[in-house]
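Let me begin by presenting the structure, written as structure tokens, before commenting on it.
Numbering (the working numbering), first residue to last: 1 to 147.
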């Protein structure tokens, strides 16, 4: 039978592995949330563009490093949206918004699954910590000082 010290070492090893997995899931969750927020912002921009009455509204075009150029939207009825792998397609605004909403839904589902997995890992981590604490208490209780 394994000694208490061996059990503690095994628990510590398992804890470190699960902690690393939890950290990766947390990072993944952050990336998913950022991606979802980006799609949400684009969807809102297109929704607001539908409300603009000017035929050729002026916009600011980001060019990087917090810098912009003034521009004009020449076709406010259509948008070019990325469909992944470096490809983009032109869609009318309603279709583009519909496409973006579907992508946001995919992100929401992935976020929910990741949150669920993270919660399960956190539960396992808590179980391991509790088990280690019991072993340490047993060791402390059985410790005696020789006279």
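We put the beta carbon where it would ideally sit given N, CA and C, even for glycine.
At which residues does the beta strand (DSSP E) containing residue i begin and terminate?
| i | result |
| --- | --- |
| residue 61 | 58 to 64 |
Should residue i go down as buried or exposed, given a rule of 16 or more other Cβ atoms within 10 Å for buried?
| i | result |
| --- | --- |
| residue 87 | exposed |
| residue 46 | buried |
| residue 100 | buried |
| residue 128 | buried |
| residue 107 | buried |
| residue 70 | exposed |
Beta-carbon of residue i versus every beta-carbon of chain C: anything under 8 Å?
| i | result |
| --- | --- |
| residue 31 | The question asks about chain C, but that chain is absent: this structure has only one protein chain. |
By the three-class DSSP mapping on this structure, what secondary structure does residue i have?
| i | result |
| --- | --- |
| residue 86 | coil |
| residue 42 | helix |
What residue range is occupied by the uninterrupted alpha helix (DSSP H) comprising residue i?
| i | result |
| --- | --- |
| residue 72 | No alpha helix (DSSP H) contains residue 72, which is instead part of the beta strand (DSSP E) from 67 to 72. |
| residue 108 | 93 to 142 |
Segment contact, 8 Å Cβ cut-off, at least three pairs: the stretch 90 to 106 with the stretch 72 to 82 | Contact holds: three or more Cβ-Cβ distances are below 8 Å.
Is there contact between the stretch 121 to 140 and the stretch 62 to 69, where contact requires at least three CB pairs shorter than 8 Å?
-> no
With contact counted as at least three CB pairs below 8 Å, one residue from each stretch, are the stretch 31 to 39 and the stretch 11 to 20 in contact?
-> Cβ pair count under 8 Å is below three, so no.
Any 3 or more C-beta pairs closer than 8 Å across the stretch 18 to 32 and the stretch 102 to 121 = yes
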